[in-house]
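Heads up: the protein sequence lines correspond to chains A and B, in order. No gaps in the numbering here: position 119 of the first sequence is 191 in our numbering, and each next residue is one more. No gaps in the numbering here: position 122 of the second sequence is 194 in our numbering, and each next residue is one more.
Number of protein chains: 2
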Amino acid sequence: MNFQNTNKILKVVLSVGDESGIGPEVILKALCSNEIPENIDYILVGSKKNLQNTYRHLRSLGLENIANPKNLKIHDLEISSSDNDTQSSYGNSSFQYLRKAIDIVKQSPNSALVTGPICKKSWSLAGHYFSGQTEVLAKACEVKNIGMLFTAKSPITGWRFNTLLATTHISLSEVPKKLTTELIHSKLDLFKDFCNYYTDKPTLKVAGLNPHAGEEGILGHEEKDWLNDALITWNEKNKDIRLLGPLSPDSCWNSSVKAWSENNADKHDGILAMYHDQGLIPMKVIALNYSVNTTIGLPFIRTSPDHGTGFDIVGKGIAQSQSMIEAIKAAIEMTNKSRQLNTH
Amino acid sequence: MNFQNTNKILKVVLSVGDESGIGPEVILKALCSNEIPENIDYILVGSKKNLQNTYRHLRSLGLENIANPKNLKIHDLEISSSDNDTQSSYGNSSFQYLRKAIDIVKQSPNSALVTGPICKKSWSLAGHYFSGQTEVLAKACEVKNIGMLFTAKSPITGWRFNTLLATTHISLSEVPKKLTTELIHSKLDLFKDFCNYYTDKPTLKVAGLNPHAGEEGILGHEEKDWLNDALITWNEKNKDIRLLGPLSPDSCWNSSVKAWSENNADKHDGILAMYHDQGLIPMKVIALNYSVNTTIGLPFIRTSPDHGTGFDIVGKGIAQSQSMIEAIKAAIEMTNKSRQLNTH
């Protein structure tokens, strides 16, 4: 089943992110791409004036495939500020765009959210103390158990490569302290629900924390002390899942390389990484521009491109829009999959 | 200049590693490969009888391209043991093979060492308490500052991809405690010396420790507290090096993917990783079977394949010998490069 069968057109709400970054540029480029599905109700949340300025500037550089804001639906937010062009004002406006975009999606049952990149430092300069957009979403939706999932669809094999992070934006030294059986169980619960959009009996892999997954305690005790047991007890309650791990982190993603590039390779449904760089290094190395950041556990689908504000290349017209295109496509695919499941 | 110009034939000494693992199999396979240079004096250190048994077994499985031990130079070590077939006896013999191989290389100025995989647990069962072969080498050569370098030559572009580990076989929780300015400086010194075999003015990259390299202290303080400064002070003393970092770990290896697969991409000479999995995840994802483990800082070149004993596949004839082939080729290339440099 897809949106057409329900006679409701899917709405994709895009917050433009920090306007001193590349968010507006990649959104205008992406919405002009022929990879983007039609028959979708795209709504931008941002400043109409600023989007028009971005459009004119990119055109003046000689770029052609740029969506013209006058042909787009824009929820125009005029953010009043005494200092319009400072880092703090960009921090404030990008925060307000996100808040408004969330409100719209919450009020529209058949919708998904795609967020442009923001700058956390600018947010804090504007007095918005959140460690990222994900945390704003969790608060706005009043959910505690959310997950940061990176996902990419291979253009070679069509396989969807999913990596969920057990811990996210914390220092490396905090990682071993933060990991617990409860945390791992809650992430596996989320991961299972997500994978069930696609298959009834997913295969999930779990990376170890330590080199060689601790090598029987010689290179770290967490696997031996509790992580092995945590996986066993979760799997006993979730027998439909083929759960493998804790696996040696340095070879855990080898099968992902094959699944990404070879049609006949074994395909797994996801890998749970213990920390940010453990998951994101292989994700970016394997999938680079195809990787999309997704928040799972929310009442709706939210995706964003897997890059930052790109302050160093802003205004040059050279920002790659592939990740934004993938974010939009993934939001649509996942929303359709979740509705399919919920209407069974 | 190569070995022929000096009228001395390069000697490559191979310790067979743990004989209950795949070491003997991959060595016999590798030495039969037409990728392996001729005019090299290959010497195996192991048990002649066991190598002959391995050969006969592999032949009985129908495998053909296997070097016959009777045509190889073998430094035959008969390790006396009351229990010949236990994990502990394999631990002891693999340790003795390594020790003998080191002795031979130390006594032969024009030689390199290639080591087959061993099992640390078997070593400790046999009373040899070392955390790996690298530590045995450091002790035997009486050097303190050594480095674990992973290196792979791209079969597509010919570019050599080098990743040096600042810390190696320790638990993740120990990593932030172990890293210091002195450690980073000593590793960069080693890395520079190694890169100078190939180029006068290398470009080196250094990964951060924390997500986004700490993001100005928000996601970890080590970069801000001392790592930034450590790189600056080292670079001031080593102005010939183009030193970049600390870089965001999750995007640090993106340029390696390009250099590996595209002829026109920018080429860097090496990346210093802060910990085992940070370096080895991208190494294996990008280079897989081409990756070779090298010890730098020794008076000679030592390489080994980038895999373990493979106990689960032993005797099946299916072990891949590509990494052993690459280890032998790399040992020869690097020894020639280092001699070239030393005779300038």
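C-beta: ideal position from N, C-alpha, C; glycine also.
Please identify the residue among the options whose C-alpha is closest to the C-alpha of residue i.
{"i": "A:V177", "options": "A:L82, A:V329 and A:F263", "result": "A:L82"}
{"i": "A:I242", "options": "A:K250, A:L236 and A:S363", "result": "A:K250"}
{"i": "A:S395", "options": "A:K101, A:R171 and A:I304", "result": "A:K101"}
{"i": "A:N57", "options": "A:D338, A:N164, A:K409 and A:Q124", "result": "In the structure as shown, chain A begins at 73 and stops at 416. Residue 57 of chain A is therefore absent and cannot be evaluated."}
{"i": "B:N326", "options": "B:N300, B:M355 and B:N310", "result": "B:M355"}
{"i": "A:K273", "options": "A:D312, A:F263, A:L255 and A:A302", "result": "A:D312"}
{"i": "A:T491", "options": "A:I343, A:Q412, A:D301 and A:A399", "result": "Outside the modelled stretch of chain A, which goes from 73 to 416, sits residue 491 of chain A, for which no answer is possible."}
{"i": "B:P109", "options": "B:N217, B:A403 and B:S226", "result": "B:A403"}
{"i": "A:N143", "options": "A:K120, A:G134 and A:T158", "result": "A:K120"}
{"i": "A:G199", "options": "A:Q168, A:V329 and A:V215", "result": "A:Q168"}
{"i": "B:S203", "options": "A:P283, A:E136, A:R171 and A:K401", "result": "A:P283"}
{"i": "B:Y270", "options": "B:N234, B:I94 and B:N140", "result": "B:N234"}
{"i": "B:E150", "options": "B:I228, B:N137, B:L123 and B:E136", "result": "B:L123"}
{"i": "A:T262", "options": "A:L344, A:I385, A:K192 and A:A184", "result": "Before going on, a small fix: residue 262 of chain A reads as Leu here, not Thr. Residue A:L344 is the option with its Cα nearest to A:L262."}
{"i": "A:P189", "options": "A:D175, A:I218, A:D384 and A:G93", "result": "A:G93"}
{"i": "A:I174", "options": "A:C191, A:H147 and A:G389", "result": "A:H147"}
{"i": "B:N140", "options": "B:R128, B:G134 and B:L185", "result": "B:R128"}
{"i": "B:A210", "options": "B:R232, B:E287, B:P371 and B:I304", "result": "B:P371"}
{"i": "B:C213", "options": "B:Q179, B:C191 and B:T229", "result": "B:Q179"}
{"i": "A:L360", "options": "A:N336, A:V329 and A:F383", "result": "A:V329"}
{"i": "B:I228", "options": "B:I358, B:Q350, B:L237 and B:I112", "result": "B:I358"}
Would residue i and residue j qualify as a contact pair, given that the criterion is a beta-carbon distance under 7 Å?
{"i": "B:L244", "j": "A:L281", "result": "yes"}
{"i": "A:V88", "j": "A:G118", "result": "yes"}
{"i": "B:L197", "j": "B:S160", "result": "yes"}
{"i": "A:D265", "j": "B:L352", "result": "no"}
{"i": "A:M406", "j": "A:I373", "result": "yes"}
{"i": "A:D90", "j": "A:T381", "result": "yes"}
{"i": "B:L133", "j": "B:G389", "result": "yes"}
Leaving out five residues on either side along the sequence, give the residues of the same chain with a beta carbon under 6 Å from the beta carbon of residue i.
{"i": "B:W306", "result": "H257 and L260"}
{"i": "B:T275", "result": "R314, H340 and D341"}
{"i": "B:Y347", "result": "T239 and V247"}
{"i": "A:S393", "result": "V98, K101 and A102"}
{"i": "A:L80", "result": "According to the sequence shown, residue 80 of chain A is Lys rather than Leu. Excluding residues within five positions, the ones whose Cβ falls inside 6 Å are N182."}
{"i": "B:S226", "result": "W332"}
{"i": "B:I397", "result": "A102, S105 and E107"}
{"i": "B:W195", "result": "G163 and F167"}
{"i": "B:Y114", "result": "V84"}
{"i": "B:W231", "result": "A331 and K339"}
Step through the CB atoms of chain C and report whether any lies within less than 7 Å of the CB of residue i.
{"i": "B:H147", "result": "Among the protein chains of the structure shown, namely A and B, there is no chain C."}
Let me see if you follow: with CB-CB separation under 7 Å, is residue i close to chain B or not?
{"i": "A:D477", "result": "Here chain A covers residues 73 to 416 and nothing more, so residue 477 of chain A does not appear."}
{"i": "A:P227", "result": "no"}
{"i": "A:V329", "result": "yes"}
{"i": "A:H340", "result": "no"}
{"i": "A:P318", "result": "no"}
{"i": "A:L82", "result": "no"}
{"i": "A:D349", "result": "yes"}
{"i": "A:S323", "result": "yes"}
{"i": "A:G292", "result": "yes"}
{"i": "A:I353", "result": "yes"}
{"i": "A:N282", "result": "yes"}
{"i": "A:H241", "result": "yes"}
Looking at the C-beta of residue i, does it have a partner C-beta in chain A at a distance below 7 Å?
{"i": "B:H200", "result": "no"}
{"i": "B:V357", "result": "yes"}
{"i": "B:I94", "result": "no"}
{"i": "B:N300", "result": "no"}
{"i": "B:S105", "result": "no"}
{"i": "B:S333", "result": "no"}
{"i": "B:L260", "result": "no"}
{"i": "B:P189", "result": "no"}
{"i": "B:S245", "result": "yes"}
{"i": "B:N310", "result": "no"}
{"i": "B:P371", "result": "no"}
{"i": "B:P248", "result": "yes"}
What residues in its chain sit with their C-beta under 7 Å from that of residue i, if we drop five residues either side in the sequence?
{"i": "B:E97", "result": "T126, L130 and A391"}
{"i": "B:S420", "result": "Residue 420 of chain B cannot be examined here, being either before or after the span of chain B that is shown, 73 to 416."}
{"i": "B:H293", "result": "G286"}
{"i": "B:V215", "result": "G369 and L370"}
{"i": "B:K172", "result": "V117, H147 and L149"}
Output needed for residue i: all residues of its chain with C-beta closer than 8 Å, excluding positions within five of it in sequence on either side, in chain order.
{"i": "A:L319", "result": "K277, V278, A279, G280 and A285"}
{"i": "B:N300", "result": "P318"}
Report the residue ranges of all beta strand (DSSP E) runs contained in full by the segment 230-287 of chain A; include only those spanning at least 3 residues, in chain order.
If you keep only unbroken beta strand (DSSP E) runs of at least 3 residues inside the segment 230-287 of chain A, you get 232-237 and 275-279.
Those runs of the beta strand (DSSP E) which lie wholly inside the segment 183-210 of chain B and span at least 3 residues
As far as the segment 183-210 of chain B is concerned, its whole beta strand (DSSP E) runs of at least 3 residues are 183-187.
In chain order, which continuous runs of the beta strand (DSSP E) of length 3 or greater are located wholly inside the segment 321-346 of chain A?
The segment 321-346 of chain A contains these whole beta strand (DSSP E) runs: 342-345.
Along the chain, which unbroken stretches of the alpha helix (DSSP H) at least 4 residues long are found entirely within the segment 95-169 of chain B?
The qualifying runs are 95-102 and 120-132.
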